[in-house]
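Asker: When we follow this note's numbering, the leftmost residue of the sequence shown carries the number 277, and every step to the right adds one.
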Amino acid sequence: MERITIDPGICGGRPTIRGMRIRVQDVLELLAAGVPEPEILADYPDLEAEDLRASIAYAAREISHPVLIAS
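1) Given a cut-off of 9 angstroms, decide if P312 and R299 are closer than it, judged by their beta-carbon atoms.
2) Of all the options A335, H341, I339, L344, which has the alpha carbon lying nearest to the alpha carbon of E305?
3) Across which residues does DSSP place I280 in a beta bridge pair?
4) Would you kindly report the start and end of the unbroken alpha helix (DSSP H) that includes Y320?
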């Protein structure tokens, strides 16, 4: 199952969780603010723990870039 989806018709094409209107950015902001995972999952009953991990993995992939070596 693809947990992170991008659909131009949902949230303006921003990455969301499994096609729902829950943006990856929202999940990441909650985690960064220190909101415990059980609280996030209680507040968003459609989310699963794997969705939170997938959001973190997605963010890590997105900020990855090639290392440039000055010559």
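C-beta atoms are modelled at their ideal positions from N, C-alpha and C, and glycine is treated no differently.
Answerer: By the coordinates alone:
1) no
2) A335
3) I293
4) Careful: Y320 lies outside any alpha helix (DSSP H) and carries neither H nor E.
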